[in-house]
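Colleague: For the sequence shown, the numbering used here assigns the number 183 to the last residue and increments by one with no breaks.
The C-beta atom is built at its ideal place from N, Cα and C for all residues, glycine as well.
Have a look at this one before I ask anything.
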Amino acid sequence: MNKSKSPLFTTHSIALMGLLLAAEIVLSRFCSIATWNIKIGFTFIPLVLSAGLFGPIGAGVLAALADFLGAILFPIGPYFPGFTFTQFCVGVVFGLLLQKKQSMGHIVGAVLLTQILGSLLLDSYWISVLYGSPYLVLLGTRAIQCAVMSALEIVVIPILLKQLVPRMKAIMA
């Protein structure tokens, strides 16, 4: 195998990215508890796996593509690019903090950054813009979602990074 190839552009990595992309769309659109302003589910799993495998750019692009394709193929409401931007940023943050060092501090930091900045602040703002809901009122209801998701992610992510990422890297080698 040519060692100069970028790990993002091998046959195995492209196939794995496609599987993670499909998994994120399915988890987001069909396996989440969602209302117009709150969403609880496991969509973070493919994103965290892609962050551990492909780093910030790979995870960011995968998250943005999953959001865009999910919105086009299985719309829940109108497509809004702000949510795609948030997902790209969440993927980048997970990739920056989880690709190299996967300590509990990095995991908690990544979860809190993505939940507070991404889900609570940015997504609440996008919902406010899209539906005309008062931003501060949204923050109150969405804070509960962020607390639930933060706890869930802090429990699940270390298991994913310890058990699945090394096995997936071995498959790609």
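1) Looking at the structure shown, is residue 48 part of a helix, part of a strand, or coil, going by DSSP?
2) Which class does residue 11 belong to by DSSP, given the choice of helix, strand or coil?
3) Give me, in chain order, the residues of the same chain whose beta-carbon lies closer than 6 angstroms to that of residue 65; leave out the 5 immediate sequence neighbours on both sides.
4) Looking only at its chain, what residues have a beta carbon closer than 6 angstroms to the beta carbon of residue 49, apart from the 5 residues adjacent to it on each side?
5) Check for me: the alpha helix (DSSP H) holding residue 41 runs from which residue to which?
6) Count the other CB atoms, across all protein chains shown, that sit within 10 Å of the CB of residue 25; report buried if there are 16 or more and exposed otherwise.
7) My understanding is that residue 107 touches residue 130, with C-beta atoms under 8 angstroms, so please give their C-beta distance in whole angstroms.
8) Quick one: what does DSSP say residue 107 is sitting in, helix, strand or coil?
9) Can you tell me whether residue 173 is buried or exposed, with buried defined as 16 or more other CB within 10 angstroms of its CB?
10) Alpha carbon to alpha carbon, how far is residue 180 from residue 23?
11) Relative to the C-alpha of residue 33, which candidate in 137, 53, 144 and 81 has its C-alpha closest?
12) Contact between the stretch 93-104 and the stretch 116-133 is defined here as three or more beta-carbon pairs at a separation below 8 angstroms; is this criterion met?
13) Under a three-way DSSP split, which group does residue 154 fall into?
14) Relative to the C-alpha of residue 141, which candidate in 56, 21, 35 and 46 has its C-alpha closest?
15) Considering only their Cβ atoms, is the gap separating residue 164 from residue 121 smaller than 7 angstroms?
16) So, at 7 angstroms on beta carbons, what are the nonlocal neighbours of residue 128 in its own chain, with the 5 sequence-adjacent residues on each side left out?
Modeller: The answer reads as follows:
1) coil
2) At residue 11, the pLDDT of 42 sits below 50, so the modelled position is not reliable; the number obtained from the coordinates is stated separately. Residue 11 falls in the coil class under three-state DSSP.
3) 105 and 109
4) 42
5) It is not in any alpha helix (DSSP H) - residue 41 carries neither H nor E in the DSSP assignment.
6) exposed
7) Not confirmed; about 18 angstroms, so no contact.
8) helix
9) exposed
10) 11 angstroms
11) 53
12) yes
13) helix
14) 46
15) yes
16) 96, 99 and 100
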